[in-house]
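Beneath this line is the structure, given in structure tokens, with notes to follow.
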Amino acid sequence: MANEELRRSLQQLHEEIENVHEVDDEGRALLQDLDGHIQQLLARPSVAAVQPKPGLNSGLEDAIRHFEVTHPALTEALSDLLTALSNAGI
674 MANEELRRSL
684 QQLHEEIENV
694 HEVDDEGRAL
704 LQDLDGHIQQ
714 LLARPSVAAV
724 QPKPGLNSGL
734 EDAIRHFEVT
744 HPALTEALSD
754 LLTALSNAGI
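Below is the structure:
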């Protein structure tokens, strides 16, 4: 179940990132970094069995702080992924 939840959260966040059009340079860098992590994890058959590259959790936390006021749907997807990673022990 953790793999399905994680894959769903990763896919949702990937879609939210693609829908963000107006973002400052710092936000764009945060999203590009996170999208790289997401694509790496989605390319694996079992997401829950993979340890992501270092920095994913801190990148999610930084992005949540950066986007919480301007992009609430993106912030929700970021938070959901952080929770799913925590639930999977990652």
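Quick note on our numbering: the sequence shown kicks off at 674 and runs consecutively.
Note that beta-carbon positions come from the ideal geometry of N, C-alpha and C, so glycine has one too.
In this text the structure is predicted, and so the values were computed from the model without any measurement.
| Item | Value |
| --- | --- |
| Run the CB neighbour count on ALA746, radius 10 Å, all protein chains shown included, and call it buried at 16 or more, exposed below. | exposed |
| For MET674, which residues in the same chain have their Cβ closer than 8 Å to its Cβ, ignoring the five residues on either side in sequence? | Confidence in MET674 is poor, its pLDDT being 48 and thus under 50, which makes the residue's placement unreliable; the coordinate value appears in the next sentence. There are no such residues. |
| What whole-angstrom Cβ distance do HIS616 and LEU714 have, given they're in contact under 8 Å? | No answer is possible for residue 616: the residues shown for the chain start at 674 and end at 763. |
| Between the Cα of LEU751 and those of GLN685, ASN676 and ALA716, spot the shortest distance and give me the residue it belongs to. | GLN685 |
| Could you tell me the alpha carbon to alpha carbon distance between LEU733 and THR743, rounded to whole angstroms? | 16 Å |
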